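Worksheet: one structure, shown below.
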Amino acid sequence: MTPTRNSHFWAKTFSAAAVLATVLLSACGSSSTTAGTSTGSATATPSTLTACTVTAQQLTITAASTTPTAPTATAGLTGTKIAIDGSSALEPLFKQAHVPFDQVNGTVTTTNPNGSGNGLKDVESGAVNIGLSDFFYQQNSATQGFTDLVDHQMAVVAFTLVVSSDIHSTVENLTSDQIKGIYTGTYTNWSQLGGPNETITVINRPLASGTRATFKQYVLGGVTESAGQTLTQDTTGAVATALSTSQGAIGYVATGFVLQPQFATTIFPICIDGYGATAANINSGNYKFWSYEHAYTKGAAQPAEQALINYVLSDTVQSSLVPSLGYLKVSDLTAAAQATHPTP
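Structure follows, in structure tokens:
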């Protein structure tokens, strides 16, 4: 089943082929089967911690420009306040896009990355105008009754497991079973997995996090993490910061955070089951740790909300900020990728 698109969703552009061509050159796309030298596809020794490598540079998608053209002003919006909260994975896109939007329209937009679950609850209660989420509201028991919410799918975000700098050269790939063992407390020292003799420091997200829900569904296979085994950080940025100052640490973040300069030498992406978080691996159906990114409004969006959503969905933003921040266009997903994430 293909993802639902609202009436403002964009058509596929000619740049899609160029985007995919770029990522197909990434290292996590070959078919090498030599342990320690594989560059991202499934290997003959998938349990080997160095059976796959992926670098931050291989997670990027080349953008023609990183600065979007300012929108055309919409009449009657001057002084309107737009409050947005929710997913810390999607917040960077709105945080950057609303700057030129506000400058042109005289609006005042605020964003708060407080988790997908909170974003859905806050837009439902009327506390904010737009709630950002990594998951469909129907997929969470706490929000599935919010049937008056209207979904605007904005982009696709790829997530990646990341490790701290002290172990990145020896821990570059983990199997799903190894990851489950780490997050359920079966493994507490990297030496149990063939790595260095270091305690495993697990950094997780709170229960309201859409990223955590995505991780649980597509990486842990629904297995519940063991209480007391992890450190919890409220936002994706906080996870990245905690990892950068920890030893023997593992966590997960949106790939856009790996691309930020302050984390370039402190956190390192790793593969899952021999595949890195590249667009090529997502579109082959081999890498499943990703999600559709949603902007929800309560009922039909009001003029200011709709104008901002339209701007984020416009070609200028989708061809500049979306790739430069590590997102993918929804329209660039293949049928193989869509099949791994059926919509409710």
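In this text, residue positions in the sequence shown follow this note's numbering: the first is 1, and each later residue adds one.
All C-beta atoms in this analysis are idealised placements derived from N, C-alpha and C, irrespective of residue type, glycine included.
Fair warning: this is a prediction, and the values are worked out from it, not measured in the lab.
Problem - Three-state secondary structure assigned by DSSP to Pro323 - result: helix
Practice task
May I ask which residues mark the beginning and end of the beta strand (DSSP E) holding Leu161?
Solution key: Leu149 to Ser164
Practice task
With a threshold of 16 other CB atoms inside 10 Å of the CB of Ala240, please say whether the residue is buried or exposed.
Solution key: buried
Handout entry: Inter-stretch contact at 8 Å, needing at least 3 Cβ pairs: the stretch 165-172 / the stretch 205-223
Key = Short answer: they don't touch.
Handout entry: Residues bridged to Tyr292 [DSSP beta-bridge criterion]
Key = Answer by DSSP bridge pairing, in chain order: Val156.
Handout entry: Distance CB(Val104)-CB(Pro71) smaller than 8 Å
Key = For Val104 and Pro71, yes; Cβs fall inside 8 Å.
Problem - Assigned secondary structure, Lys298 (DSSP; H/G/I helix, E/B strand, else coil) - result: Residue state, collapsed to three classes: strand.
Problem - 4-residue-minimum alpha helix (DSSP H) runs that sit fully inside the stretch 261-288, ordered along the chain - result: 279-283
Practice task
Specify the secondary structure class of Thr13 as computed by DSSP and reduced to three states.
Solution key: In this prediction, Thr13 has a pLDDT of 35, which is less than 50 and means its spatial position is unreliable; what the coordinates show is noted afterwards. It is coil, neither helix nor strand.
Practice task
Evaluate Thr43 with the Cβ neighbour count: other Cβ atoms within 10 Å of its Cβ, from every protein chain shown; 16 or more gives buried, anything less gives exposed.
Solution key: Here the model assigns Thr43 a pLDDT of 37, short of 50, so the residue's position is not dependable, and the following value carries that caveat. Classification of Thr43: buried, given that the 10 Å Cβ count is 16 or more.
Exercise for the section: To the nearest angstrom, report how far apart Ile203 and Thr232 are at their CA atoms. Expected result: 6 Å
Practice task
Give the secondary structure of Ser314 by DSSP, where H, G and I count as helix, E and B as strand, and everything else as coil.
Solution key: Coil at Ser314, not helix or strand.
Problem - Cβ pair Asp151, His341 closer than 8 Å - result: no
Handout entry: Nearest to Asp139 (by Cα), restricted to the options Tyr252, Ser209 and Ser319
Key = This sequence places Gln at residue 139; Asp is not what is there. With respect to the C-alpha of Gln139, the residue from Tyr252, Ser209 and Ser319 having the closest C-alpha is Ser209.
Problem - Reference Gln57; option with closest CA among Ile270, Ala337, Leu207 and Lys329 - result: Taking each of Ile270, Ala337, Leu207 and Lys329 in turn and checking the Cα distance to Gln57, the smallest one comes out for Ile270.
Exercise for the section: Assuming Phe94 contacts Val312 (C-beta within less than 8 Å), just tell me the rounded distance between them. Expected result: 7 Å
Practice task
Would you mind reading off the limits of the alpha helix (DSSP H) that contains Tyr183?
Solution key: Ser176 to Tyr183
Handout entry: CA-to-CA distance, Thr143 to Lys121, given in whole angstroms
Key = If I take the Cα positions, the gap works out to 7 Å.
Handout entry: With 16 other Cβ atoms within 10 Å as the buried cut-off, status of Ser88
Key = buried
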